[in-house]
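Quick notes on the structure that follows.
In the working numbering, the protein residues as written are 120 to 245.
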């Protein structure tokens, strides 16, 4: 699993740094960052990431819009995506999953809980 190239999408530079550091702490060394959904689409094209952690609330293109756009593209239809957000209402989880997210994690979280979510998604997709 350490060969995953993970893209962290969040409009907060601090949150991107925290998530990236947590990923590295549990063994993921190839981590990139994007500040919104539009930037994330550019990064996907440029670096061929094979896993995405995206925030929900972002300017320009939010996480939900990003997921919906990614799922319309043949090359990304199976790309594993976890929504990372402060939103934790049951309805939000349902909306994210229906849009095409593979899982959902609520901030704050520990590096180990994030690692477990990633493992769970990877087992389910392949």
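Glycine is no exception: its CB is placed at the ideal position from the N, C-alpha and C atoms.
These numbers come from a predicted model, not from an experiment.
Assignment of residue 197 by DSSP, reduced to helix, strand and coil, places it in the coil class. In the structure shown, residue 168 adopts coil according to DSSP, grouped into three states.
Residue environment: residue 128 is assigned as buried (16 or more neighbouring CB atoms within 10 Å of its CB, all protein chains considered).
In terms of CA proximity to residue 222, 212 leads the group 230, 231, 124, 212.
Counting only the Cα atoms, residue 147 lies some 28 Å from residue 179. By the criterion of at least three beta-carbon pairs nearer than 8 Å, the stretch 152-163 is in contact with the stretch 188-203.
For residue 245, the number of other beta carbons within 10 angstroms of its own is below 16, and it is reported as exposed. Your pair residue 219 and residue 200 checks out as a contact, with CB atoms roughly 7 Å apart and the cut at 8 Å. For residue 182, there is no enclosing beta strand (DSSP E); the enclosing alpha helix (DSSP H) covers residues 182-190.
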